[in-house]
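Colleague:
In my numbering, the protein residues as written are 345 to 1025.
1. Thinking C-alpha only, which one of 617, 536, 609, 810 is nearest residue 585?
2. Note down, in chain order, each residue of its chain lying with its Cβ closer than 6 angstroms to the Cβ of residue 799, except the 5 sequence neighbours on either side.
3. According to DSSP, is residue 562 helix, strand or coil?
4. So the alpha helix (DSSP H) residue 474 belongs to, where does it begin and stop?
5. For residue 978, count neighbouring Cβ atoms within 10 angstroms of its own Cβ and tell me buried if that reaches 16, exposed if not.
6. For the beta strand (DSSP E) containing residue 1050, list its first residue and its last residue.
7. Three-state secondary structure (DSSP) at residue 585?
8. Could you give the residue range of the beta strand (DSSP E) that holds residue 672?
9. What span of residues does the alpha helix (DSSP H) with residue 644 cover, start to end?
10. Contact defined as beta carbons within less than 8 angstroms: I believe residue 768 pairs with residue 460. What is the distance between those atoms, to the nearest angstrom?
11. Quick one: which unbroken beta strand (DSSP E) runs of 3-plus residues sit fully inside the region 740–811? Chain order, please.
12. Going by CA-CA distance only, name the one from 693, 694, 667, 544 that's closest to residue 644.
13. Below 8 angstroms CB to CB, which residues in the same chain sit around residue 413 once its five sequence neighbours on both sides are set aside?
14. Out of 907, 899, 960, which has the shortest C-alpha to C-alpha gap to residue 1011?
15. Under three-state DSSP, which class holds residue 738?
16. Exposed or buried, what is residue 438 when buried is set at 16 or more other beta-carbons lying within 10 Å of its beta-carbon?
17. Need the endpoints of the beta strand (DSSP E) that residue 386 sits in, please.
18. Which two residues bound the contiguous alpha helix (DSSP H) that contains residue 852?
19. Hey, out of 375, 454, 910, whose CA is closest to residue 1024's CA?
20. Give the list of continuous alpha helix (DSSP H) stretches no shorter than 4 residues that lie fully inside the region 478–533.
21. Are the CB atoms of residue 991 and residue 976 nearer to each other than 8 angstroms?
22. Taking only the alpha-carbon atoms, compute the straight-line gap between residue 921 and residue 957 and give it to the nearest angstrom.
23. Going by C-alpha to C-alpha distance, which of 818, 770, 784 sits closest to residue 801?
24. Does the distance from the CB of residue 698 to the CB of residue 729 come in under 8 angstroms?
25. Where does residue 723 land, buried or exposed, given buried means 16+ other C-beta within 10 angstroms?
26. Please report how far the alpha carbon of residue 366 lies from the alpha carbon of residue 711, in whole angstroms.
27. Cutting at 7 angstroms between CB atoms, please list the residues of its own chain near residue 356, excluding the five before and the five after it.
28. Determine the contact status of residue 819 and residue 782, defining contact as a CB-CB distance below 8 angstroms.
29. For residue 404, which three-state DSSP category applies?
30. Assuming residue 834 contacts residue 665 under a Cβ cut-off of 8 angstroms, what Cβ separation, rounded to an integer in Å, is found between them?
31. Flag this pair as yes or no: are the beta carbons of residue 668 and residue 395 separated by less than 8 angstroms?
32. Pop quiz: residue 692 and residue 843 are said to be a contact at Cβ under 8 angstroms. What is the actual Cβ separation, rounded to whole angstroms?
33. For residue 841, write down the residues that DSSP places opposite it in a beta bridge.
34. Out of 1009, 705, 908, state which residue places its alpha-carbon closest to the alpha-carbon of residue 595.
35. How many whole angstroms separate the CB atoms of residue 404 and residue 436, which I take to be in contact at a CB cut-off of 8 angstroms?
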């Protein structure tokens, strides 16, 4: 028996003009909303409430150090010593379609065009609010665990790297991806369902880098389906049941299961360099199972949801036993690793290899970089030396065979480019062990880490632990490959920033945490060096907000292009309004809804909301014009099971009005389409 609490809160932030975090594509900025982003929090405490653990899965690309430190600071001022760095795990789902701009290290600060306060604040506030809700709703309950295989939802996107791992090791596994989903079910003591956490390794990149609508991708769609199913009659984002689909060792795992093909010729480019005969690496892309990226997102999300639902309904193995957690800060650029009695190696100052710039088959890079580069390119090296400085001999030697593109650990202007101080953290809830990893482990790297942690528990008197890896936790440090995968320097290896022995170092560190939990000596673990907090100005490359304008003889919310009078199910109802910049709404209200779909009820002569902007069936597009003019187009992709009747679409926004040189105000407005009829198919 445990004390359990669950909570969900919006963390969407600005949906326009802010770079989306994930593909590092400067052209990929927000231009609207497909579905809201949420933070989902789960609190688990001993029956006597002596110890508790918080697990948060947020619909964001990754948790940054800046984000984590702000959340911990807020929790401390609110709850004192109850929620701390050792018992709070913050994990990102790794969607590539959420707003960026919440980082303090220069590399990410550059790719997300600065520190964007509205974006950071929305995520911090959403995480805190979800924890608050969970905290206020703690009740006695029970935990169940189940596991099963998810088919047709992933491929290994670096299969040639995977093959570098020893044959004896590979022969123990039936696949080059981890197909297992681990599911934790929560119910209260009266059997009322509270929620679930699922861990499954897949990149949420069903939406590709041409997408401009903020959304939570395939795993977010799985959450949506589960929550809609359990919160019957509620709108998306409402209801008490919380379903988190959290990230795991997804480093080399893609949902784009049709595999890589040359966009220009249609031939396969499943080769060690992922290049095409014509056009090179930039032409080699993988696609999902659907007709387009929206369809692929639904198919993969539906697969993940279906398996989770089956595991949830069948879950009978109860989790019992004490709760504990362990955490350390570690300087990852200087860890000595004992490989065996005679052999000690070291991690390196962070650096990115040439193949980092090649990107992956899920999102290709620019220029002529290819994956699997074990030699530098004199042209790019010369440009780098001139602009950013040359890597030191020591760093080059440490990272071999990686040819260094950016020696980020030696780049400190205007602030350090990459973290040195990293969190390692484990939480144990009875027999469930959550290993919180600050990055993206590949399939085999994750297997080795899980096994090492399990063995450590086994050898200290606590056998039979269920070990899961939670990815993208606490601070972002890119990828972690095995030593063997590192040798061939595809994208994941080039992005293993602390060098060839990164995984060995993590295994040593997490074994230390596991040993401390198993032997009840957590209090003796050194805390390690605290991470720095940089004072970052508000300079960003996000366009400044200007006063919004409506066209002559029009006002905000006026309809520019009307809906048709009649639709059938499975068609798309579409309406365009005189709009205003959605960033203004984000800064005015965290819970702001941009749209509703409403159905007319004749008996009460009133309209009832049937969909909101968190629905996967609605799409909100914002198009910027000149000098403060803009349009909003709302699409409703009418589901096949929609009840026939009379409907309308409404738009809610804020426009920015300048009153004087110093005073600007935001004024709310709304627009409504004509009524339209839906007839059955």
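Ideal Cβ placement from N, Cα and C applies to all residues, glycine included.
Modeller: Taking the structure as given:
1. Residue mapping note: residue 585 aligns to position 241 of the chain shown, counting from 1. Cα-wise, what sits closest to residue 585 is 536.
2. Locating residue 799 in the chain shown gives position 455, counting from the first residue. Sequence-distant Cβ neighbours of residue 799 in its own chain, meaning closer than 6 angstroms and more than five residues away, do not exist here.
3. Position 218 of the chain shown holds residue 562. Residue 562: helix per DSSP, three-state reduction.
4. Within the chain shown, residue 474 is the residue found at index 130, counting from 1. That run of the alpha helix (DSSP H) goes 461–480.
5. For the purposes of this step, residue 978 is taken as the residue at position 634 of the chain shown. Looking at its Cβ environment, which holds 16 or more other Cβ atoms inside 10 Å, residue 978 is buried.
6. Shown here, the chain extends from 345 to 1025; a query on residue 1050 therefore has no answer.
7. Taking the chain shown and counting its residues from 1, the one referred to as residue 585 is at position 241. In this structure, residue 585 counts as coil in the three-state DSSP scheme.
8. Within the chain shown, numbered from 1, the residue matching residue 672 stands at position 328. Its beta strand (DSSP E) spans residues 667–675.
9. By one-based count along the chain shown, residue 644 stands at place 300. Counting along the chain, the alpha helix (DSSP H) containing residue 644 begins and ends at 637–658.
10. Taking the chain shown and counting its residues from 1, the one referred to as residue 768 is at position 424. Taking the chain shown and counting its residues from 1, the one referred to as residue 460 is at position 116. No, residue 768 and residue 460 are not in contact; Cβ-Cβ is about 29 angstroms, not under 8 angstroms.
11. 748–750, 765–773, 776–780
12. Your numbering for residue 644 matches position 300 in the chain shown. With distances taken between Cα atoms, residue 644 lies closest to 544.
13. For this step, residue 413 is matched to residue 69 along the chain shown. Only residues of its own chain outside the window of five on either side were considered, and among them 875, 877 have a CB closer than 8 angstroms to the CB of residue 413, listed in chain order.
14. As a working mapping, residue 1011 is identified with position 667 in the chain shown. If we check each option's Cα against that of residue 1011, 899 comes out closest.
15. Counting from one through the chain shown, the residue named residue 738 turns up at place 394. The three-state secondary structure of residue 738, taken from DSSP, is helix.
16. By 1-based counting over the chain shown, the position of residue 438 is 94. The residue in question, residue 438, is buried, as its Cβ has 16 or more Cβ neighbours within 10 Å.
17. Translated into positions along the chain shown, residue 386 becomes position 42. Start and end: 382–389.
18. Indexing the chain shown from 1 puts residue 852 at position 508. Per DSSP, residue 852 belongs to the alpha helix (DSSP H) from 846–862.
19. Translated into positions along the chain shown, residue 1024 becomes position 680. With distances taken between Cα atoms, residue 1024 lies closest to 910.
20. Listed in chain order, they are 503–506, 511–514.
21. Taking the first residue of the chain shown as 1, we reach residue 991 at position 647. Taking the first residue of the chain shown as 1, we reach residue 976 at position 632. In this structure, residue 976 does not lie closer than 8 angstroms to residue 991 by Cβ.
22. Residue mapping note: residue 921 aligns to position 577 of the chain shown, counting from 1. Residue mapping note: residue 957 aligns to position 613 of the chain shown, counting from 1. Computed Cα separation, rounded: 16 angstroms.
23. For this step, residue 801 is matched to residue 457 along the chain shown. The residue among 818, 770, 784 with its C-alpha nearest the C-alpha of residue 801 is 770.
24. Along the chain shown, read from residue 1 onward, the residue named residue 698 stands at position 354. Along the chain shown, read from residue 1 onward, the residue named residue 729 stands at position 385. No, Cβ-Cβ distance for residue 698 and residue 729 is not below 8 angstroms.
25. On the chain shown, position 379 is the one that residue 723 refers to. Exposed: under 16 other Cβ atoms inside 10 Å.
26. Within the chain shown, numbered from 1, the residue matching residue 366 stands at position 22. Within the chain shown, numbered from 1, the residue matching residue 711 stands at position 367. So the two alpha carbons sit approximately 19 angstroms from each other.
27. The residue labelled residue 356 in the question sits at position 12 within the chain shown. Excluding sequence neighbours, residue 356 sits near 380, 381, 466, 558.
28. The residue labelled residue 819 in the question sits at position 475 within the chain shown. The residue labelled residue 782 in the question sits at position 438 within the chain shown. Between residue 819 and residue 782, the C-beta spacing is below 8 angstroms.
29. Here residue 404 refers to the residue found at position 60 of the chain shown. In the structure shown, residue 404 sits in coil (DSSP, three-state: anything other than H, G, I, E or B).
30. Stepping through the chain shown from its first residue, residue 834 is reached at position 490. Stepping through the chain shown from its first residue, residue 665 is reached at position 321. Not a contact, Cβ separation roughly 41 angstroms.
31. Your numbering for residue 668 matches position 324 in the chain shown. Your numbering for residue 395 matches position 51 in the chain shown. Their beta carbons are under 8 angstroms apart, which means residue 668 touches residue 395 by this criterion.
32. By one-based count along the chain shown, residue 692 stands at place 348. By one-based count along the chain shown, residue 843 stands at place 499. Correct: roughly 3 angstroms between the Cβ atoms.
33. Counting from one through the chain shown, the residue named residue 841 turns up at place 497. BP columns for residue 841 are empty, so no partner.
34. Numbered from its first residue, the chain shown carries residue 595 at position 251. Comparing Cα-Cα distances from residue 595 to each of 1009, 705, 908, the minimum goes to 705.
35. The residue given as residue 404 occupies position 60 in the chain shown. The residue given as residue 436 occupies position 92 in the chain shown. Contact holds; Cβ gap of about 5 angstroms.
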